[in-house]
Amino acid sequence: MPGSSPTVAATLREQARTHGDKPLLVCDADRISHTEADCESAKLARGLIAMGAGKGTHVGLLYPNGAAFVVGMLAAARIGAVVVPFTTFATAPELRRQLVHADVEILLTARTFRAHDYAQRLAEVCGDFRPGTRLFNTAVPQLRHVLTDVDALSGLGESVDPSLLSALEDDVDGCDPLAIVYTSGSTSTPKGVVHTHAALLEHQRNLNEIRGLTAQDKLFCNSPFFWIGGLAFGLLATLVAGATLVCSNATDADETLDLLEAEKPTITNGFVASIAHLAGHPSFADRDLTSMRRGNLYPIMAPEARPADPELRHNMLGMTEAGSVVLICGDESDQAQHRRGSYGKPAPGFETKVIDCDTDGVGELCIRGPYVMQGYYKRSREECFDAEGWFHTGDLVRVDADGFYYFVGRRGSMIKTAGANVAPAEVERAIAKVTAGTVAHVIGLPDRERGQVVAAVVVTDDGFDEASLRQALRTELSAYKIPRRFVSVPPADVPLLSSGKVDRVHLEKLFDV
Numbered sequence: 055m056p057g058s059s060p061t062v063a064a065t066l067r068e069q070a071r072t073h074g075d076k077p078l079l080v081c082d083a084d085r086i087s088h089t090e091a092d093c094e095s096a097k098l099a100r101g102l103i104a105m106g107a108g109k110g111t112h113v114g115l116l117y118p119n120g121a122a123f124v125v126g127m128l129a130a131a132r133i134g135a136v137v138v139p140f141t142t143f144a145t146a147p148e149l150r151r152q153l154v155h156a157d158v159e160i161l162l163t164a165r166t167f168r169a170h171d172y173a174q175r176l177a178e179v180c181g182d183f184r185p186g187t188r189l190f191n192t193a194v195p196q197l198r199h200v201l202t203d204v205d206a207l208s209g210l211g212e213s214v215d216p217s218l219l220s221a222l223e224d225d226v227d228g229c230d231p232l233a234i235v236y237t238s239g240s241t242s243t244p245k246g247v248v249h250t251h252a253a254l255l256e257h258q259r260n261l262n263e264i265r266g267l268t269a270q271d272k273l274f275c276n277s278p279f280f281w282i283g284g285l286a287f288g289l290l291a292t293l294v295a296g297a298t299l300v301c302s303n304a305t306d307a308d309e310t311l312d313l314l315e316a317e318k319p320t321i322t323n324g325f326v327a328s329i330a331h332l333a334g335h336p337s338f339a340d341r342d343l344t345s346m347r348r349g350n351l352y353p354i355m356a357p358e359a360r361p362a363d364p365e366l367r368h369n370m371l372g373m374t375e376a377g378s379v380v381l382i383c384g385d386e387s388d389q390a391q392h393r394r395g396s397y398g399k400p401a402p403g404f405e406t407k408v409i410d411c412d413t414d415g416v417g418e419l420c421i422r423g424p425y426v427m428q429g430y431y432k433r434s435r436e437e438c439f440d441a442e443g444w445f446h447t448g449d450l451v452r453v454d455a456d457g458f459y460y461f462v463g464r465r466g467s468m469i470k471t472a473g474a475n476v477a478p479a480e481v482e483r484a485i486a487k488v489t490a491g492t493v494a495h496v497i498g499l500p501d502r503e504r505g506q507v508v509a510a511v512v513v514t515d516d517g518f519d520e521a522s523l524r525q526a527l528r529t530e531l532s533a534y535k536i537p538r539r540f541v542s543v544p545p546a547d548v549p550l551l552s553s554g555k556v557d558r559v560h561l562e563k564l565f566d567v
């Protein structure tokens, strides 16, 4: 389909014809083939039609990674409905806020996941709900249906002629909205990022070529589908490639390692911190994980594929507004020292510029192009882009003479200490380097004399030697960048937002300031 304006329905049908019974998704014991994904999503799409859904209907999905999310997303996309993923961490107030802001009319949801009781939380939002019964509630004025039983909904669709589904699919164009993906954060005004079918699918096709994801691959990805990394760089990328996506919701490391040994993924992507416990499992040394030779989850990859130093491998920079990854490099070999910390170059389809540079060449990254979001839902174009169509990312970067980009930090997160700027990300990387991978979260604490001082929350179950760490950091950082205050916490005690990101406001409270 290169050169066309692709849609999810057309892509799914083509991959079902081409790859048939090959798995599209393997998530623990849950698996679905390309053909099954086509058939099951068609049934559910007809059920949605029977409930009055069609082009432009906003359909919410509240599921962990798994076949239910995949089928729900595909079903909604087939008929031109707009997919609105919800984080599985969401509290009742956060559910209500997003339901209202996104104008969700139909919500497909799990009843529970781990310790989360979504049925109870939704009852707090909209009162008792019965599948098949229309809702009319002033707290969520657009919401008409909350459905926990998609099998019943698929059964309802048996009354809908398949030709009607085909007609609706044919009416969907690549320029139509596919999803509204919400950026993380629980205290700011919600920002729903609107992306079209063609933008997300064509962008993933380009990225697949760069990272070498093909139909012969199995991708292990630990990013949740409700974030752009899991939805686009994981799920949609796999669909576009005709590959297999492997993921796990298991809390037992043994079970996840069993899955990886059995499925033998060839490429990895996601958050290293979320798989670090796998490498620390007693059975890890005896596991055969040699199939994983590409990607960025280095601790669990084949030993010969791991870098001597992760900072000598190109990283990637992604953002919801860019439809996943915007800075990337296909070279997965160790780089020269002068390229330490590189994030690669802009992906195809992106124009970039760096503005308001300081004396070190650090400035804000701006992007534009066909794969950048349509805008934020319910915000004017002027609120999203400048007069020339540039999106100001808020990411601070510098660019070397060869055109490689280096991420420095977020505008507004820079620590100002005694007149000097300190990027938390730089200090966090230095701590990880001198401690062989220990995670730290660096923040600025208010200080009467210096304005702010650099402080680090070191994440460890075993504690650490503060004096030794300070000494080691002297070889990596200027004196003013070395944290003046440290505190250690076990991983389970790191304060998190409902988005799963670290709550930096509560990090400050760990220092009793």
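Numbering-wise, our numbering comes out as the position in the sequence shown, counting from 1, plus 54.
For glycine and all other residues, C-beta sits at the position ideal for the given N, C-alpha and C.
Note that the structure is predicted; figures quoted are calculated from it, not measured.
Limits of the unbroken alpha helix (DSSP H) element including residue i
i           : result
residue 438 : 435-438
residue 71  : 62-73
residue 275 : Per DSSP, residue 275 belongs to no alpha helix (DSSP H); it is in the beta strand (DSSP E), 272-275.
residue 103 : 88-104
residue 231 : Counting along the chain, residue 231 falls outside any alpha helix (DSSP H), though it belongs to the beta strand (DSSP E) covering 231-236.
residue 446 : Per DSSP, residue 446 belongs to no alpha helix (DSSP H); it is in the beta strand (DSSP E), 445-453.
residue 418 : First-last for residue 418: 417-422, but that is the beta strand (DSSP E), not the alpha helix (DSSP H).
residue 246 : Careful: residue 246 lies outside any alpha helix (DSSP H), inside the beta strand (DSSP E) at 246-250.
residue 180 : 172-180
residue 132 : 121-132
residue 222 : 216-224
Cβ-Cβ distance between residue i and residue j below 9 Å
i           : j           : result
residue 272 : residue 317 : yes
residue 150 : residue 202 : no
residue 419 : residue 393 : no
residue 211 : residue 104 : yes
residue 311 : residue 338 : yes
residue 489 : residue 518 : yes
residue 135 : residue 108 : yes
residue 7   : residue 160 : Because the chain is modelled from 55 through 567, residue 7 falls outside the range shown and cannot be assessed.
residue 408 : residue 417 : yes
residue 444 : residue 464 : no
residue 548 : residue 513 : yes
residue 545 : residue 515 : yes
residue 189 : residue 198 : yes
Nearest to residue i (by Cα), restricted to the options the options
i           : options               : result
residue 262 : 250, 237, 294 and 399 : 294
residue 451 : 433, 477 and 444      : 477
residue 123 : 360, 178, 372 and 281 : 281
residue 287 : 386, 414 and 325      : 325
residue 127 : 186, 204 and 461      : 204
residue 118 : 103, 285 and 274      : 285
residue 229 : 216, 221, 84 and 248  : 248
residue 500 : 445, 563 and 455      : 563
residue 415 : 565, 221 and 457      : 457
residue 120 : 412, 277 and 178      : 277
Whole-angstrom distance between residue j and residue i, CA atom to CA atom
i           : j           : result
residue 137 : residue 484 : 40 Å
residue 425 : residue 82  : 32 Å
residue 279 : residue 531 : 37 Å
residue 225 : residue 125 : 20 Å
residue 508 : residue 481 : 9 Å
residue 384 : residue 265 : 5 Å
residue 372 : residue 346 : 22 Å
residue 240 : residue 374 : Note that residue 240 scores a pLDDT of 37, beneath 50, so its modelled location is shaky; the value from the coordinates is reported in the next line. Going from the Cα of residue 240 to the Cα of residue 374 covers about 16 Å.
residue 439 : residue 428 : 10 Å
residue 537 : residue 466 : 19 Å
residue 539 : residue 493 : 16 Å
residue 533 : residue 522 : 15 Å
residue 430 : residue 89  : 34 Å
residue 186 : residue 146 : 22 Å
residue 152 : residue 162 : 14 Å
residue 227 : residue 183 : 34 Å
residue 218 : residue 551 : 43 Å
residue 297 : residue 61  : 18 Å
residue 8   : residue 527 : The requested residue 8 is not part of the displayed model; the chain covers only 55 to 567.
residue 69  : residue 96  : 14 Å
residue 56  : residue 258 : Summary for residue 56: the model assigns pLDDT 40, below 50, so the residue's position carries little reliability; its value from the coordinates is reported in the next sentence. Their Cα atoms are separated by approximately 12 Å.
residue 220 : residue 101 : 14 Å
Span of the beta strand (DSSP E), counted from its first residue to its last, around residue i
i           : result
residue 475 : 474-476
residue 498 : 493-501
residue 299 : 298-301
residue 378 : 378-382
Heavy atom of the ligand NAD within 8 Å of residue i beta-carbon
i           : result
residue 111 : In the structure on display, the ligand NAD does not appear, and there are no ligands present to speak of.
Count the CB pairs spanning the region 330-349 and the region 246-259 that are closer than 8 Å, and state whether there are at least three. no
For the structure I just gave you, are there three or more beta carbon pairs, one from the region 351-368 and one from the region 230-238, closer than 8 Å? no
Three or more C-beta pairs under 8 Å: does that hold for the region 435-443 against the region 395-404? no
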